[in-house]
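K.L.:
Dumping the structure here so I can ask a few things about it.
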Amino acid sequence: MESSRLLAGGLTINLRYKKQFFFQNHEIFFRKADPPRNNYAKATVLFLHGQSYSSATWLEHSTMQIFAAAGYRCYAIDLPGCGRTGGPAVPDPEKPELLSLIIRRLDLEMVMIVGHSMAGQYIVPLLGMDRIVCVVAIALSNTNLLSADDVARINTPVLVVWGDRDTSLGPSSASNLKRLPNSRLLKISSAGHACYLNNASVFQSACLNFFDLVRHYSTL
Numbered sequence: 001m002e003s004s005r006l007l008a009g010g011l012t013i014n015l016r017y018k019k020q021f022f023f024q025n026h027e028i029f030f031r032k033a034d035p036p037r038n039n040y041a042k043a044t045v046l047f048l049h050g051q052s053y054s055s056a057t058w059l060e061h062s063t064m065q066i067f068a069a070a071g072y073r074c075y076a077i078d079l080p081g082c083g084r085t086g087g088p089a090v091p092d093p094e095k096p097e098l099l100s101l102i103i104r105r106l107d108l109e110m111v112m113i114v115g116h117s118m119a120g121q122y123i124v125p126l127l128g129m130d131r132i133v134c135v136v137a138i139a140l141s142n143t144n145l146l147s148a149d150d151v152a153r154i155n156t157p158v159l160v161v162w163g164d165r166d167t168s169l170g171p172s173s174a175s176n177l178k179r180l181p182n183s184r185l186l187k188i189s190s191a192g193h194a195c196y197l198n199n200a201s202v203f204q205s206a207c208l209n210f211f212d213l214v215r216h217y218s219t220l
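Residue numbers (UniProt numbering): 1 to 220.
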């Protein structure tokens, strides 16, 4: 299924909705947005939502569309137990395996990941994976599981994002992730746990600037 969204400035972004692969008994649903007019993609961005959300959250405030308009090929996944994928949640130990499978099945040789809250159960164990170019970590869970050895080996650039009104995971996630050698911190004002929604323009600009910086210093 395909639809189009017109952004300010006259750019039309094509959004595709697909169910393409299985994990155990789950048929994984995802959305895709390509750069306008089939232009060359600077890189690929994979969005992972938090608990009680779905891939649709990345369409709010046109985040996915704006990233595509900036030249990034974008995918947003409905994780098991949520959205159109539905079904039961995947056991915690299997979540990194699922993310690794998603990256392989979508044929993403190099990927930038944007994840919120409980998406940390998928992302944190894979920090340092060769295919993951960088991570935007929005109040991620499971950061307390990073050992000193993990911190020493992980060179992945990480933009650590949280809201100044977050009374949930944000502050502790920032405290844990700032130990990573290639971390950058962004506290968003007037924003809570879903800071990417509360102050979307600041979040979007920071992400795109971070991506450009990573691309400048990497071999993408």
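We put the beta carbon where it would ideally sit given N, CA and C, even for glycine.
(1) In its own chain, which residues sit with a C-beta less than 6 Å from the C-beta of Ala-8, not counting the 5 before and 5 after it?
(2) By alpha-carbon positions, which one of Met-129, Val-135 and Trp-162 ends up nearest to Phe-210?
(3) Using alpha carbons as the reference points, say which of Lys-95, Asp-130, Leu-126 and Pro-93 lies closest to Glu-109.
(4) Going by Cα to Cα distance, which pick from Leu-127, Ala-119 and Arg-37 is closest to Pro-181?
(5) Looking at the structure shown, is Arg-131 part of a helix, part of a strand, or coil, going by DSSP?
(6) Can you pull the DSSP bridge partners for residue 267?
(7) Using CA atoms only, rank isn't needed, just tell me which of Asp-212, Leu-169 and Glu-27 is closest to Met-118.
(8) Compare the C-alpha of Ser-52 against each of Ser-147, Cys-82 and Asn-176 and name the closest.
(9) Could you have a look at Arg-73 and say whether DSSP puts it in helix, strand or coil?
(10) What would DSSP say about Glu-2, mapped onto helix, strand or coil?
(11) Once you ignore the five residues that flank Leu-99 on each side, which residues in its own chain have a CB closer than 8 Å to its CB?
(12) Can you grab the Cα-Cα spacing for the pair Glu-2 / Ala-152, in whole Å?
(13) Given Gln-204, which residues of its chain have a CB within under 7 Å of its CB, disregarding the five upstream and five downstream residues?
(14) Can you tell me where the alpha helix (DSSP H) holding Lys-95 begins and where it ends?
(15) Under three-state DSSP, which class holds Gly-81?
(16) I'd like the list of long-range same chain contacts for Ile-154, defined as Cβ closer than 6 Å, with 5 residues on each side in sequence excluded.
(17) Given a cut-off of 8 Å, decide if Ile-13 and Ala-43 are closer than it, judged by their beta-carbon atoms.
P.N.:
With the structure as the only source:
(1) The predicted position of Ala-8 is uncertain, since its pLDDT is 45 and thus under 50; a value taken from the coordinates is nonetheless stated next. If we look at Ala-8 and ignore the five residues flanking it on each side, it has no Cβ neighbours.
(2) Val-135
(3) Asp-130
(4) Leu-127
(5) coil
(6) Given a span of 1 to 220 for the chain in the structure shown, any question on residue 267 remains unanswerable.
(7) Leu-169
(8) Cys-82
(9) strand
(10) Any reading at Glu-2 is ruled out, since the residue's pLDDT is 46, under 50, leaving its predicted position unreliable.
(11) Leu-48, Tyr-122, Ile-123 and Leu-126
(12) At Glu-2, the pLDDT of 46 sits below 50, so the modelled position is not reliable and the matter cannot be decided from this model.
(13) Thr-63 and Ile-66
(14) 95-105
(15) coil
(16) Leu-127, Gly-128 and Leu-180
(17) no
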